[in-house]
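Protein chains in written order, with the numbering used here: chain B, 1 to 361; chain F, 1 to 361. By construction, the Cβ of each residue, glycine as well, lies at the ideal position given by its N, Cα and C atoms.
There are 2 protein chains.
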Amino acid sequence: MKLFTPGPVYLRREVLEAMSRQVISHRTQEFRSLLRKVVDDLKYVVQTTEGEVAVLTGSGTLAVESMVYSLIEPGDRVLLLSFGFFGERLRESLIRRGAVVDVVEAPLGDIVEISDVENALERRHYKALFTVFTETSTGVTLRELKRIAELAKKYGLLVCVDAISAIGGEEFYMDRWCIDAVAGCSQKCIGAPPGVSFVALSPEAIKVAEKVRGKPIYMDLTRYIKYVHERSETPYTPAINVLYGLETALQILKEEGLEGRWRRFRYLTDLLYERVKTIEFTRFPRFEVRSSTVAVLKVPSDLSAKSIVKTLREEFGIVVARGLGILENSVIRVGVMGYIAEEDIEYLVSGLKACIDILRS
Amino acid sequence: MKLFTPGPVYLRREVLEAMSRQVISHRTQEFRSLLRKVVDDLKYVVQTTEGEVAVLTGSGTLAVESMVYSLIEPGDRVLLLSFGFFGERLRESLIRRGAVVDVVEAPLGDIVEISDVENALERRHYKALFTVFTETSTGVTLRELKRIAELAKKYGLLVCVDAISAIGGEEFYMDRWCIDAVAGCSQKCIGAPPGVSFVALSPEAIKVAEKVRGKPIYMDLTRYIKYVHERSETPYTPAINVLYGLETALQILKEEGLEGRWRRFRYLTDLLYERVKTIEFTRFPRFEVRSSTVAVLKVPSDLSAKSIVKTLREEFGIVVARGLGILENSVIRVGVMGYIAEEDIEYLVSGLKACIDILRS
Numbered sequence: 001m002k003l004f005t006p007g008p009v010y011l012r013r014e015v016l017e018a019m020s021r022q023v024i025s026h027r028t029q030e031f032r033s034l035l036r037k038v039v040d041d042l043k044y045v046v047q048t049t050e051g052e053v054a055v056l057t058g059s060g061t062l063a064v065e066s067m068v069y070s071l072i073e074p075g076d077r078v079l080l081l082s083f084g085f086f087g088e089r090l091r092e093s094l095i096r097r098g099a100v101v102d103v104v105e106a107p108l109g110d111i112v113e114i115s116d117v118e119n120a121l122e123r124r125h126y127k128a129l130f131t132v133f134t135e136t137s138t139g140v141t142l143r144e145l146k147r148i149a150e151l152a153k154k155y156g157l158l159v160c161v162d163a164i165s166a167i168g169g170e171e172f173y174m175d176r177w178c179i180d181a182v183a184g185c186s187q188k189c190i191g192a193p194p195g196v197s198f199v200a201l202s203p204e205a206i207k208v209a210e211k212v213r214g215k216p217i218y219m220d221l222t223r224y225i226k227y228v229h230e231r232s233e234t235p236y237t238p239a240i241n242v243l244y245g246l247e248t249a250l251q252i253l254k255e256e257g258l259e260g261r262w263r264r265f266r267y268l269t270d271l272l273y274e275r276v277k278t279i280e281f282t283r284f285p286r287f288e289v290r291s292s293t294v295a296v297l298k299v300p301s302d303l304s305a306k307s308i309v310k311t312l313r314e315e316f317g318i319v320v321a322r323g324l325g326i327l328e329n330s331v332i333r334v335g336v337m338g339y340i341a342e343e344d345i346e347y348l349v350s351g352l353k354a355c356i357d358i359l360r361s
Numbered sequence: 001m002k003l004f005t006p007g008p009v010y011l012r013r014e015v016l017e018a019m020s021r022q023v024i025s026h027r028t029q030e031f032r033s034l035l036r037k038v039v040d041d042l043k044y045v046v047q048t049t050e051g052e053v054a055v056l057t058g059s060g061t062l063a064v065e066s067m068v069y070s071l072i073e074p075g076d077r078v079l080l081l082s083f084g085f086f087g088e089r090l091r092e093s094l095i096r097r098g099a100v101v102d103v104v105e106a107p108l109g110d111i112v113e114i115s116d117v118e119n120a121l122e123r124r125h126y127k128a129l130f131t132v133f134t135e136t137s138t139g140v141t142l143r144e145l146k147r148i149a150e151l152a153k154k155y156g157l158l159v160c161v162d163a164i165s166a167i168g169g170e171e172f173y174m175d176r177w178c179i180d181a182v183a184g185c186s187q188k189c190i191g192a193p194p195g196v197s198f199v200a201l202s203p204e205a206i207k208v209a210e211k212v213r214g215k216p217i218y219m220d221l222t223r224y225i226k227y228v229h230e231r232s233e234t235p236y237t238p239a240i241n242v243l244y245g246l247e248t249a250l251q252i253l254k255e256e257g258l259e260g261r262w263r264r265f266r267y268l269t270d271l272l273y274e275r276v277k278t279i280e281f282t283r284f285p286r287f288e289v290r291s292s293t294v295a296v297l298k299v300p301s302d303l304s305a306k307s308i309v310k311t312l313r314e315e316f317g318i319v320v321a322r323g324l325g326i327l328e329n330s331v332i333r334v335g336v337m338g339y340i341a342e343e344d345i346e347y348l349v350s351g352l353k354a355c356i357d358i359l360r361s
């Protein structure tokens, strides 16, 4: 099986092998060195020198929700930018937390208009702006994030970003773009096993989080940051073997270089969009805001995404993802985040072509 | 290094190797078979046929707190039995959730009196009783859990148990003992890598959880149970490689047999308590309520736990844990939960003896 899913991704052999090292106690010097290294590398990946990183054991959803519960209190006003499935999940978290949420939306396949954001900011005072950066349900990336963040900072908001499907794979500069909180995870563009996620907080966000009450212990980012700062440990037992894998994956990422990886993913996604033109699959997102890490393809109108996903897997050993929500049966989603080469894209395209023939015969 | 910590534990080679298998997508048949198997085996480990199991990615703290957030709403009255560090952590979670908490306490090294529990139940109506089963900070296990649960059920309470350090290692029968919710984890008595934890809920607890509002998405046990029930999947990306390790560890546990493992841990802990008698380390918990999975030893009064832990590690490659909270420097904690044999206990005892000589010289 070859995974082209938008996370978890196919791993390199050396990452897999790193995981079979014996478990160490998370209260030893050996563990502290490991965590220190991972934290420093994650700072590089999100491009921060001023922020601190909380390393969590859990999925990306945990990281995003910890950001919500650590920075927002019931009754706080939040401006949410939502343009897909994961924007809606963020809305659900915010509402469960008791936030009062105003939403700027966009049609699926596109991003929000800056003027709509500015109008909302002028009308009312918000504590924070929340947004997804790369929305894998539609294959778009919020290319205006830098401008939106600058605008939000002008109005005094915290800028909080779900960058789960972007970190390590899309151009992103936490400090330079004035981002206060960003959530990422191990199993996507970083190329590590699933099980670890993280949130980087700016000094301002840390100050806010320290005052927020009623955070669940497991989602209390201030506690993780205090532990990492004071003793290079996690407050609770971490997924140690996943951290071994993450350490190795980060090493590989550093050797490639962040910009190099950003370029490689963009190249592969554009190659895929280009190559499918001849076989009736079309790009779903608007060209200018297409993501580099996940391609979303409209399937030919006489076929269902479900049957294509099934045939690809059974006949060619290729795993891609179906659409999410209302796009479930009309698009397929292809991640290039993993250990994927140019020839894998060619193999996928020939598989897609053969699928059409099989399903129509 | 040899780990004698009360989790995470030293793993068998085949468990470590299982983790280096390639990642699969959590939306495939292959994953569904894996999760189904893990869930069925966990039902065996907690001894339930009526309950359902939510498999989480995270530490034991996540499992315990998910139990709190899924069953309790702000303002609910809860009776907590607390007799150590983890009882206090449970209190903190309950208070952060907004519960009104009454506490029955016990001196460190002992468990609560049943008559105190009964008096509390008579005075007031509670929604639920929460307790730790094996308190690793003091080395005691709540041997009266069955009687306490029966009593609480008579008064109509949900019985919710943090059995993180017990499940797989101490006699425990969820259905037979009338337990409504029990939290466990991978990295202790089951002998799997850290990163996965779980909560088993009774049919009654599931009904209650469905009505509870304001649960964080990541801690919403009803969602995990719905997913596992309807499609044998997890709602969020799980730590797939840790599940590979857990699957293998559960297979090993089944081959040994649950009762066999309970007996083996009891034997090893009793052997340790017996053997240290000659070298000035004494049992901390009261004999009748000593845990089978973790031994807590008072260190000779002229020495500090800190120096013993350090010397053991540096001179003999043995890792044990210091005390927690106010016991930090007066006890050491030794877990027998891992891949530990009788001769390892002998090696530990000779190490402890040598430590005394080194530190006094």
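- Under the three-state reduction of DSSP output, B/Gly184 falls in the strand class.
- Listed along chain B is no residue with a C-beta nearer than 7 Å to that of F/Ser82; the closest approach is about 15 Å.
- The beta carbon of F/Pro216 falls within 8 Å of a beta carbon belonging to chain B, placing the residue at that interface.
- DSSP places F/Ile148 in the uninterrupted alpha helix (DSSP H) bounded by 145 to 154.
- Annotated three-state conformation of B/Ile308 is helix, per DSSP.
- For F/Leu80, the pairing in a beta bridge is given by DSSP as F/Val103, F/Phe130.
- The alpha helix (DSSP H) runs lying completely inside the region 193 to 246 of chain B and spanning 4 residues or more are 203 to 211, 221 to 231, given in chain order.
- When DSSP states are grouped into helix, strand and coil, F/Gly98 belongs to the coil group.
- Between the region 3 to 22 of chain F and the region 297 to 313 of chain B there are fewer than three inter-stretch CB-CB distances shorter than 8 Å, so the stretches are not counted as touching.
- If one requires a minimum length of 4 residues, the alpha helix (DSSP H) runs lying completely within the region 19 to 93 of chain F are 29 to 46, 60 to 71, in chain order.
- According to DSSP, B/Gly335 shares a beta bridge with B/Val294.
- In this structure, F/Val38 lies near F/Val55, with their beta-carbon atoms less than 8 Å apart.
- Contact between the region 238 to 246 of chain F and the region 78 to 93 of chain B is absent, with fewer than three C-beta pairs closer than 8 Å.
- Per DSSP, the beta-bridge partners of F/Arg283 are F/Leu297.
- Fewer than three beta-carbon pairs drawn from the region 166 to 176 of chain B and the region 218 to 234 of chain B are found closer than 8 Å, and the two stretches are therefore not classed as touching.
- Nearest to F/Ile356 by alpha-carbon distance, out of F/Leu303, F/Tyr339, F/Val336, F/Glu343, is F/Leu303.
- Look at F/Arg13 here: in three-state DSSP terms it is helix.
- Only Glu92, Ser93, Arg96, Arg97, Gly98 from the region 90 to 104 of chain B bring a Cβ to less than 8 Å from some Cβ of chain F.
- Interface residue (Cβ-Cβ distance to chain B less than 8 Å): F/Thr48 is not classified as such.
- Shown here, F/Thr141 sits in a strand according to DSSP, grouped into three states.
- Annotation for B/Leu158: the continuous beta strand (DSSP E) segment containing it runs 158 to 162.
- In the DSSP assignment, the residues bridged to B/Val319 are B/Leu3.
- Within chain B, the residues whose beta carbon sits less than 7 Å from that of F/Ser20 are Leu16, Glu17, Met19, Ser20, listed in sequence order.
- Interface flag for F/Glu170 against chain B is unset, since no Cβ pair is found closer than 8 Å.
- Scanning chain B for C-beta atoms nearer than 9 Å to the C-beta of F/Ser304 yields nothing, as the closest lies near 16 Å away.
- At a cut-off of 8 Å between beta-carbon atoms, B/Ile24 makes contact with chain F.
- The C-beta distance from B/Thr61 to F/Tyr218 rounds to 5 Å, short enough to fall under 8 Å.
- Between B/Tyr227 and chain F, the shortest Cβ-Cβ separation is not below 8 Å.
- Taking F/Leu271 as the centre and dropping the five residues before and after it, the same chain places the C-beta of Ile345 closer than 6 Å to its C-beta, in chain order.
- Restricting attention to F/Phe86, F/His125, F/Val100, F/Ser82, the CA atom closest to the CA of F/Glu113 is found in F/Ser82.
- The residue among B/Cys189, B/Glu135, B/Ile308 with its C-alpha nearest the C-alpha of B/Gly168 is B/Cys189.
- Residue nearest to B/Ala341 within the set B/Arg266, B/Tyr155, B/Thr57, B/Leu157 is B/Arg266 (criterion: CA-CA distance).
- Look at B/Ile240: its C-beta is under 8 Å from a C-beta on chain F.
- Taking a cut-off of 8 Å on C-beta distances, the region 177 to 187 of chain B touches the region 201 to 215 of chain B, as three or more cross pairs fall below it.
- Here B/Gln47 is buried, its C-beta having at least 16 other C-beta atoms within 10 Å.
- Here DSSP, grouped into helix, strand and coil, assigns F/Glu259 to helix.
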